[in-house]
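**Q** The numbering of the sequence shown is the numbering used here, which starts it at 372 and goes up by one. Ideal Cβ positions, reconstructed from N, Cα and C, are used throughout, including at glycine. This structure is a prediction, so every number in the text was calculated from the model and none was measured.
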Amino acid sequence: MSLQPASPADRSLWVPPAILPPDRDPHPAVLGLRTFQDQIRGWSRSLYFEDAWRPMPGTPLFVTQPEALQTLFVDQAQDFDQGAMFKRMFRVVWGRGVLTADEASWRWQRRASAHAFRPTTLSALAPRIAAQAETAIDGWLSPRRKRPLDMRQAVTALTFRIIIDTMLSGDAYFDAGRMQQRIATFFEDVGRLRISYFLMPDRYHATRPDATSRHRAPLLREIRAMVAARREAPPRGDLVDLLLAARDPETGETMDDALIADNLLGFILAGHETTSVGLTWALYVLAAHPDTAARVRAEVRAVAGDGPLTGEHVDALVFTRQVMSEVLRLYPPGYLVTRVAHRDCELAGHRVRAGSRVNVPIYAAHRHRSRWTDPDAFDPDRFAPGAPPPGRHVYLPFGAGPRICMGAAFAMMESVLILAAVARRTDLAYAGKKPPVPRAGMTLWPADGMPLRVTPAQPA
Ligand code: HEM
C-alpha cells in the first residue's frame, strides 16, 4: 500500500493525508481481507485508473465510468434500487420514511418534505445556524480549556443542535442530549456490522431482521411523543409542520404519527452526521494549511466584517464554498453509494445480473487519475467561478439522479457558515502526534479523532 501520495504536477499545491491506491494490487484475497480493516483499503488500484472493477466473479461491480453512472442514477434509475442490505441497515432509523421507502411512497414523501429545503426557506435559517456556530465557538475558546478539542465530537454536537433547531424548532418536547447519545451508539453498532452486511449476497438480507433494531424503540418513543405534542401546538413553519400537513396528491394519503416520526428521526440522522464529517475535515484543512485559513478569514471579514452572518452572506462567501467543495471531493462523507439491479444489464462493459449489487466508490471517483488534475492535491481553485466545471458524474459527494441528497443545499449553506465563523474568530492548530488518517466506516471519519488547539484570532 502506497503511503506517499504522488507529488502534484503543480509543486506549490498541498497534498493532505489520504487513503491512496496501492502501488500494485495484491492477491484479490488479500484485498478482500483489507476490507475487514477498512472498505477503501480493500479497493483495487484499477478503480483509480479505469472505469470499473469486479473483485472476483460473482462479487459486486464497482463502477466510476460517468456514462455508466448516468445509466445507473438517471436514465435507468427505476431498474436499480438500494437493495435489501441498505434497507436492513437503515430501516432501523428511517422505518418507512423517505430514505428507505418503496418507490410509490418515496415519491410523495420526498415531495412533501422538499419544501423545507427550498432556497428561500434555507436562507431564512442562516442566522439561526450562524448563531449556533458562534455559541459553540464561545465554548471552544473557553479559557478554562487546557487540552486540545476533539473537533470530531465538538462539530457533531454543533451540527446536531443545528438540525434540531432548524428542522424541529428546538427540543422543547424531547431530550436532545439523550437522543444524540443513542444515535451515536446506533452508529457504532452499524459500523461493527458493516463487514457482515457486505459479505453476504443481497437476497440474504431480504429475510433477515434489522440487526440494530434494539435502538429503534427508545429513539422512536421520544420522537412520537414530540409529534403528538406538536399536533396540538400552534404551527411553527418547520419540517414537523410540513410533514403534519403532507398529503399524497394521488391517493390523498396523509402521514400518521409513526411515519412522521420515521422521517424526523431519519432527517435528524442524515442531517447532522455527514455534515459533521465534512466540516471536521474542513477545519483540519484550516489548521494544517494556513494560507487557506488566511484566505477564508480575509473573505469573511470583507463580506461581513464582525457582524452576524446571514443568508445573503452565504452567496458572497465564494472562496469558503470552494474550500468546502474541495474538502468534500477529497473526503466525501458518503464515500460509497450502492444499488442492486432489478434486471440483467451491462455497465461499463461488464455484465450485471438481476439481483446483484453495483457499488459506486465515490472516494475513488473523486481521485480518479484520468478525470482530475493532481487528484490528491488540495486545490480549492479548481472550483473557482470560471474554472472548467468537473464533468458529469465525476464529482458527486451528494449522489445523483432522483435519489440525490435532499439536504445538499442545506449542508453546503451550514458548512460555509460554520467554516466562515470559525475562520473569522479562531486560529486552529492540529495537535495530533501523526497526521489524521481517514477511516471508511459508516462515513469517512478521521480514525483517531481530530485534536485541534483553538485560540482566538487577532482582530481585524
Ligand atoms: C455533507 C453533507 C451530506 C452528504 C455528503 C450527503 C450525502 C448523501 C448521499 C451520497 C446521498 C445519496 C444516497 C444514495 O443515492 O443512495 C444522500 C441522500 C440523502 N440525504 Fe444527504 N448528505 C449530506 C447532508 C444531508 C442533510 C443535511 C440532510 C437533511 C437535512 C440530508 C438528507 C438526505 C436524504 C433525505 C437523502 C435520501 C434521498 C432519497 O432517497 O430520496 N443529507 N445524502
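Considering just the uninterrupted stretch of the beta strand (DSSP E) at residue 816, what are its terminal residues?
**A** 815–817
**Q** Buried or exposed: where does residue 522 fall if 16 or more other Cβ atoms within 10 Å of its Cβ makes it buried?
**A** buried
**Q** Kindly examine the ligand HEM and report whether one of its heavy atoms sits closer than 7 Å to the Cβ of residue 440.
**A** Not so, every heavy atom of the ligand HEM lies at least 7 Å from the Cβ.
**Q** Can you tell me the Cβ-Cβ gap for residue 573 and residue 460, rounded? I've got them flagged as a contact below 8 Å.
**A** In fact, because the Cβ distance is near 12 Å, the residues do not count as touching under 8 Å.
**Q** With C-beta atoms as the reference, is residue 704 less than 8 Å away from residue 667?
**A** Cβ distance not < 8 Å, so residue 704 and residue 667 don't count as in contact.
**Q** At which residues does the alpha helix (DSSP H) containing residue 407 begin and terminate?
**A** 399–408
**Q** Which residues mark the beginning and the end of the alpha helix (DSSP H) in which residue 577 is found?
**A** 573–577
**Q** Rounded to a whole number of angstroms, what is the C-alpha to C-alpha distance between residue 535 and residue 693?
**A** 27 Å
**Q** Taking all protein chains shown into account, do 16 or more other C-beta atoms lie within 10 angstroms of the C-beta of residue 509, making it buried, or fewer, making it exposed?
**A** exposed
**Q** Alpha carbon to alpha carbon, how far is residue 434 from residue 723? Give it in angstroms, no decimals.
**A** 11 Å
**Q** Do residue 837 and residue 793 have their C-beta atoms closer together than 8 Å?
**A** Since the first residue shown for the chain is 372 and the last is 831, residue 837 is missing from the structure and cannot be characterised.
**Q** If distances are taken between C-alpha atoms only, which option among 789, 385, 811 and 828 comes closest to residue 527?
**A** Measuring from the Cα of residue 527, the nearest candidate turns out to be 789.
**Q** Check each candidate in 643, 663 and 429 and name the one with the smallest Cα separation from residue 798.
**A** 663
**Q** Considering only the alpha carbon of each residue, which of 708, 707, 706 and 727 lies closest to residue 715?
**A** 727
**Q** Please classify residue 376: does DSSP put it in a helix, a strand, or coil?
**A** Residue placement at residue 376 is flagged as unreliable, the pLDDT there being 49, under the threshold of 50; a coordinate-derived value is accordingly withheld.
**Q** So, does the segment 740–753 touch the segment 443–456, judging by three or more C-beta pairs under 8 Å?
**A** no
**Q** Within 10 angstroms of the Cβ of residue 738, are there 16 or more other Cβ atoms? Answer buried if so, exposed if not.
**A** So residue 738 ends up on the buried side.
**Q** Nearest CA to the CA of residue 491: which residue from 418, 686 and 676?
**A** 686
**Q** Is residue 641 near the ligand HEM - that is, is its Cβ less than 7 Å away from at least one heavy atom of it?
**A** yes
**Q** Mind the definition here: the segment 412–428 touches the segment 385–402 only if three or more C-beta pairs lie below 8 Å; say whether that holds.
**A** Contact between the segment 412–428 and the segment 385–402 is present: 3 or more CB-CB pairs across the two stretches fall below 8 Å.
**Q** Give the range of the alpha helix (DSSP H) segment to which residue 799 is assigned.
**A** No alpha helix (DSSP H) contains residue 799, which is instead part of the beta strand (DSSP E) from 797–801.
**Q** Have a look at residue 596 and residue 381 and give me their C-alpha separation to the nearest angstrom.
**A** 57 Å
**Q** Could you tell me if the beta carbon of residue 723 falls within a distance shorter than 7 Å of some heavy atom in the ligand HEM?
**A** no
**Q** Measure the Cβ-Cβ separation of residue 545 and residue 594 and say whether it is below 8 Å.
**A** yes
**Q** State the CB to CB distance for the pair residue 540 and residue 682, rounded to an integer number of angstroms; the pair is presumed to be in contact (CB under 8 Å).
**A** Taking a contact as a CB-CB distance under 8 Å, the pair residue 540 and residue 682 does not count as one, their CB atoms being some 18 Å apart.
**Q** According to DSSP, is residue 388 helix, strand or coil?
**A** Coil at residue 388, not helix or strand.
**Q** If contacts are defined as beta-carbon pairs under 8 Å, then residue 765 and residue 392 qualify, I think. What distance do you get, rounded to the angstrom?
**A** Not a contact, Cβ separation roughly 17 Å.
**Q** Per DSSP, residue 832 forms a beta bridge with which residues?
**A** Given a span of 372 to 831 for the chain in the structure shown, any question on residue 832 remains unanswerable.
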